[in-house]
Amino acid sequence: MADPTTVPTPTAPAAKPAAAKPVAPALREFGEIPVLQPGSMAGSKPYVANEKIQEAIGFPGALVEDWHDRAIGKMGELLGRYRSLQVFMDACVHCGACTDKCHYFLGSGDPKNMPVARQELMRSVYRRHFTLAGKLFPKLVGAQDLTRELLDDWFNYYHQCSECRRCSVFCPYGIDTAEITMAGREILDSIGYGQKYGNEIIGKVHRIGNNLGLPGPALEDTLLGLEEDVKEDTGADVKYPLDVQGAEVLLVTPSADFFAEPHVESLIGYGKVFHAAGISWTLSSKASEAGNFGMFIGNYEQLRKIALRIREAALELGVKRIVVGECGHAWRVAYSFWNTLVGIGAGGKDPFAIELQRQLDPRYKQPMHICELTWDLIQEGRLKFDKAKNDHRIITFHDSCNVARASRMGDAPGGQFEIPRAIIRAVANHYVEMAPGTTHEKTFCCGGGGGLLTDELMDLRLKGALPRMEALRQVVDQQGVNFMATICAICKAQFSKVLPYYGHKMQLVGGVHQLVSTAIRLGDG
Amino acid sequence: MNHAFAALFYFATAVLVAGVAARVLLWWKAPAPLKIPTTPAPTTTGGVALRLARELVFFESLFRANLWLWACGWVFHVGLALVGLRHLRYFTEPVWGLVAWMQPLGILGGLLMAAGLAGLWLRRWAVQRIRYISTPSDHLMLALLLLIAASGLAMKFVFHTDVLAVKRFFIGLMHLQVLPLPADGPLVVHLSLVALLMLIFPFSKLLHAPGLFFSPTRNQADDPRERRHQAAWAARLDVTKG
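Each protein sequence line maps, in turn, to chains L and B. Each residue of the first sequence is one higher than the last, beginning at 1 in this note's numbering. Each residue of the second sequence is one higher than the last, beginning at 526 in this note's numbering.
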C-alpha cells in the first residue's frame, strides 16, 4: 500500500552558508523520493532589487510600511482578475500527487519545494482572509496570518520555482503552481520586495531594447562580425540584416543568441536557413529581445509593455511574417499571449488587431517558431543537408518546459515535441531519446528558468538540475550521447554552467539550429 | 426529533445549494485573461469536453501521477457514485428502472467507498510527505466520510432500520410534510453526518468537484494563434500605447 520506499539521499547537505562553494548533489540510484529536509533551502534567496531598479518599472523602491494590508489588498485584486488564482486557491485537496514532481524538491528535499506546500504558503493566507473556515477556525484548515517570517518565506520559495508547470500535468484539477508563484511575485513587487535580477532586466528592455542591454550600434557591429565569420567559414554571403524595411520575415530572438555560446551557433543556423531558402528577413534593434521577463513576475502590464515592442517593430518595418528564435519562455509568450496582448495572430475583429493582421501574410501562422519554419522548408524539399557532417554527434533532445507544457508547434497537439525532433533526424544520423517520464510534457526543467538564472542561486540551480542530469547521465553512459540539443536560451545558459559540476563538458549542450548549421548545404561557396 | 431533522435537512440543502452556487458564480465571473491550458492540449471545444470527461471519469492526470493514489481515490469515487445512485430510491417514487436494477451494485459501492477512504487515510498517515501537507481538516474530512460509509454499511448488514419509513420521511420533506423518522441510533448518526457534510461542502475542499470545470489549465482550448482571446479588462488596454 505504501509509496516507493523513501531512502535518505547519500550526500543530503544541510543548509549551507552562502560563502561555501556549491556542489552538485549526488545522482540518486533509483530515482527515490527524498526524505524531507525541512528548512534545507530556507537560506536560498536572490538579491533584493534596489530602489532604482524597482522604481524604474513602477514598483515601490523598498518594503513599504503598510506592507501587510497592501499585500492582502493586492491578493484580493488578483483573485478578482485571474480565475486561475481563485480556482487554484479553492480546488486543492492536499492529495499529494504533485509532491514528488518538482525538480527543486527532488534535488533538495526541502518540503516547501513540494508544489502543494509552495502553494500553501499563499493558500494559508488566502484561507485566513478570504474564507469563512479560515476566519473562524484557522488552525483546523491550515490558515495563518501573513507574518514577516512568512513574507520572507514567500520571497525565498517563490524564487525556488521556475514556473515550469510540471506539477500542473499531474494535478487532478490542473493546479499550476506557476500561476501562484507569479501572483506571489506580483504581490511582493507591489509592496517593494522585488528580485534584483529579473526586475533589472525588465528595466533594460525598456531603456535599451533587450535583456542584455546591448544597444543598436553594438548589435549592428556584432552582426557584421558574424557575417564575416560565416563567410570565412562557408564561403557563402550569408547575411544577418538589421532594421531592413520591407523584409518578409521579422525574426525576434533571445538577445543571448547575439554572442553567447552555444546560442550564437543557432543564430548562425537561422541565417543559413533563410539564405538557403531565399527568404528575405531582418532583425530589429527595437525588438531585439524575444524574452519577456514580465511573465516571470506575473505582471500583466509589464508583459504587455515588453510585447508591444514587437508589434511596433513589425508595423514600422512592414514585414509579412513574425518568427521567433530558439527561446523557451519567449515562445510561450509569443505563442500563447501575443495575440491577446498585442494582436499578433489571427481571429481578432477589433481595429487594433486588424491593423496588424492586414499587413501580415495570412497564409502563415503568426507568430511562427523558427523550428516550424525550418521544418516546413524541409518538408517542401527547399533545404538540403549533409547528415554525415553531424556524425561525430550522438544527439539527444531536452524538451524545455515552456515549449513542452505551455505552447504548441504545427497543427496538432504535441507538435512542439515532434517538430524539433524531426529537424534533428533530418540533419543528423544519430538520435537517442532520454528516459520516458523525463521528456515530452513530463520533461524536467533545466533548473534555471523563471528568472532564477543568477549566480547567487547557484546552489538551487544545481539541485534543480538533478533529475535532468540523471536522465542525461544514463544516455551518456549507455549510448554515448555527447550532444544535448535544446531550443531555449535559458536552458543553454543553465546547462553550460551546470554540466561541468556534473562531470560533463559545457559544450555538451547546443541548439537545434546549431545542428542545422553544421549540415546545411548553402549552394554557393 | 422528526421536526429537528426536517429543519436540519431543509437548512443543509439550502446551504449546500446556495453555497455551491455562490462559489460557482464567483468562478464564472472571474476572468481568465490569458490562454494557459497545460499542453499538449485539445485545440477545439469538443476536444476540451473530452479532456474534462476523461478527467471526470478516469481521473486521467492522477493516473499519470501516482498509481496507488489513483487507485484509492478512484475506487472511493466510483463507490460514492454507486452509493449515490442507489440512494435515489429514497427520493423518487416510483423508483427509476436503472436505480432498481443497480441496487446490488450499490452495496458493492459502499464497500468500495470504505476501502478507498481507508486507503487514502492510511496514506495520509504512513507517507511522510503527505503527512507533512495534511491539515486537521484533511484528516477530519476522511473520518467524516468513513463514518458515513460505515454507518450506512452497518445499517445494511447489522442494524436494520425501517427503510420504507425513511423513504416516506424524505418524500414527505419534498412535499413540505414532516412524517415520522425511525429513532434508530445508526440512522440518526448516518443522517446527522450527511447533513454535516452538506453544510460544510461549500466551505471546504469538496469544492474541487465543480472546481475542475473552471480550471483554466484544463478547460481552455489551445488556439491562441487562431482566435484572439481577450478578457474585457484586457481589451480596454488596446486603445492606449504602452
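Positions of the beta carbon are idealized from the N, C-alpha and C atoms, including for glycine.
Integer Cβ distance of residue i from residue j, believed to fall under 8 Å
| i | j | result |
| --- | --- | --- |
| T686 (chain B) | P707 (chain B) | 5 Å |
| A97 (chain L) | A590 (chain B) | 4 Å |
| P115 (chain L) | C164 (chain L) | That pair is no contact at about 10 Å. |
| L250 (chain L) | S284 (chain L) | 6 Å |
| K320 (chain L) | L377 (chain L) | Contact flag wrong, Cβ pair sits at about 16 Å. |
| Y431 (chain L) | I424 (chain L) | 6 Å |
| V540 (chain B) | P727 (chain B) | 7 Å |
| Q755 (chain B) | T131 (chain L) | Their Cβ separation, rounded to whole angstroms, is 30 Å, which puts Q755 (chain B) and T131 (chain L) out of contact at 8 Å. |
| A720 (chain B) | P705 (chain B) | Going by Cβ atoms, the distance from A720 (chain B) to P705 (chain B) rounds to 18 Å, so no, they are not a contact pair. |
| G192 (chain L) | G61 (chain L) | 6 Å |
| L267 (chain L) | D257 (chain L) | 4 Å |
Test item: CB-CB of residue i and residue j under 9 Å
| i | j | result |
| --- | --- | --- |
| L356 (chain L) | V273 (chain L) | no |
| C371 (chain L) | P420 (chain L) | yes |
| G347 (chain L) | G107 (chain L) | no |
| T486 (chain L) | V509 (chain L) | yes |
| I297 (chain L) | V342 (chain L) | no |
| P749 (chain B) | E441 (chain L) | no |
| A276 (chain L) | V427 (chain L) | no |
| F738 (chain B) | L607 (chain B) | no |
| N292 (chain L) | H263 (chain L) | no |
| G174 (chain L) | S586 (chain B) | yes |
| N199 (chain L) | I354 (chain L) | no |
| V324 (chain L) | P351 (chain L) | no |
| H398 (chain L) | C327 (chain L) | no |
| M666 (chain B) | A537 (chain B) | no |
| A290 (chain L) | S255 (chain L) | yes |
| I187 (chain L) | D100 (chain L) | no |
| F259 (chain L) | T234 (chain L) | no |
| C95 (chain L) | G598 (chain B) | yes |
| G448 (chain L) | C491 (chain L) | yes |
Proximal chain L residues relative to residue i, where beta-carbon distance stays under 7 Å
| i | result |
| --- | --- |
| Q755 (chain B) | T340 |
| L552 (chain B) | Reading off the sequence, residue 552 (chain B) comes out as Trp, not Leu. Neighbours of W552 (chain B) on chain L, chain order: R83, Q86 and V87. |
| A759 (chain B) | T340 |
Three-state class that DSSP yields for residue i in the structure shown
| i | result |
| --- | --- |
| A14 (chain L) | Unreliable placement is indicated for A14 (chain L), whose pLDDT of 48 sits below 50; no coordinate value is reported for it. |
| I322 (chain L) | strand |
| A590 (chain B) | helix |
| G572 (chain B) | helix |
| F137 (chain L) | coil |
| Q479 (chain L) | helix |
| L522 (chain L) | coil |
| W338 (chain L) | helix |
| Q37 (chain L) | coil |
| V249 (chain L) | strand |
| I395 (chain L) | strand |
| W621 (chain B) | coil |
| A566 (chain B) | coil |
| Q86 (chain L) | helix |
| Y160 (chain L) | For the sequence presented, residue 160 (chain L) should be read as Gln rather than Tyr. Three-state DSSP puts Q160 (chain L) in coil, outside helix and strand. |
| L242 (chain L) | strand |
| F130 (chain L) | helix |
Chain-ordered neighbours of residue i on chain L, where CB pairs are closer than 8 Å
| i | result |
| --- | --- |
| T563 (chain B) | R165, S168, V169, G174, D176, R405, A406 and E441 |
| T686 (chain B) | The contacting residues do not exist; T686 (chain B) stays about 32 Å from chain L at best. |
| F584 (chain B) | P172 |
| A557 (chain B) | Y82, R83 and S84 |
Per-residue contacts from residue i into chain B (C-beta, under 9 Å)
| i | result |
| --- | --- |
| G348 (chain L) | R752, R753 and Q755 |
| T131 (chain L) | F728 |
Contacts that residue i makes with chain B (C-beta to C-beta distance below 8 Å)
| i | result |
| --- | --- |
| C92 (chain L) | K730 and H733 |
| L36 (chain L) | Q653, R654 and Y657 |
Neighbour list for residue i in chain B, Cβ cutoff strictly below 7 Å
| i | result |
| --- | --- |
| Y335 (chain L) | P749 and R750 |
| A97 (chain L) | L587, A590, N591 and L594 |
| Q245 (chain L) | Here the premise fails: no neighbours, minimum Cβ distance about 21 Å. |
| A353 (chain L) | R753 |
Partner residues on chain L for residue i, Cβ-Cβ distance less than 9 Å
| i | result |
| --- | --- |
| T568 (chain B) | R408, D411, A412 and P413 |
| G641 (chain B) | Simply none; closest approach about 12 Å. |
Looking at C-beta atoms only, is the number of pairs between the region 70-87 of chain L and the region 543-561 of chain B that lie closer than 8 Å three or more? yes
Tell me whether the region 563-580 of chain B and the region 607-626 of chain B touch, counting them as touching only if at least three CB pairs, one residue from each stretch, are closer than 8 Å. no
Is the region 698-717 of chain B touching the region 42-57 of chain L, taking contact as three or more C-beta pairs under 8 Å? Remark: fewer than three beta-carbon pairs, one from each stretch, lie closer than 8 Å, so the region 698-717 of chain B and the region 42-57 of chain L are not flagged as touching.
Three or more beta-carbon pairs under 8 Å between the region 119-128 of chain L and the region 140-159 of chain L, yes or no? A contact is defined here as three or more CB-CB pairs under 8 Å, and the region 119-128 of chain L meets this definition with respect to the region 140-159 of chain L.
Positions along the region 441-466 of chain L whose CB lies within less than 9 Å of some CB in chain A: No chain A is present in this structure, whose protein chains are L and B.
Taking contact to mean 3 or more Cβ pairs, one atom from each stretch, closer than 8 Å, check whether the region 204-219 of chain L and the region 70-79 of chain L are in contact. no
Any 3 or more C-beta pairs closer than 8 Å across the region 144-161 of chain L and the region 543-554 of chain B: no
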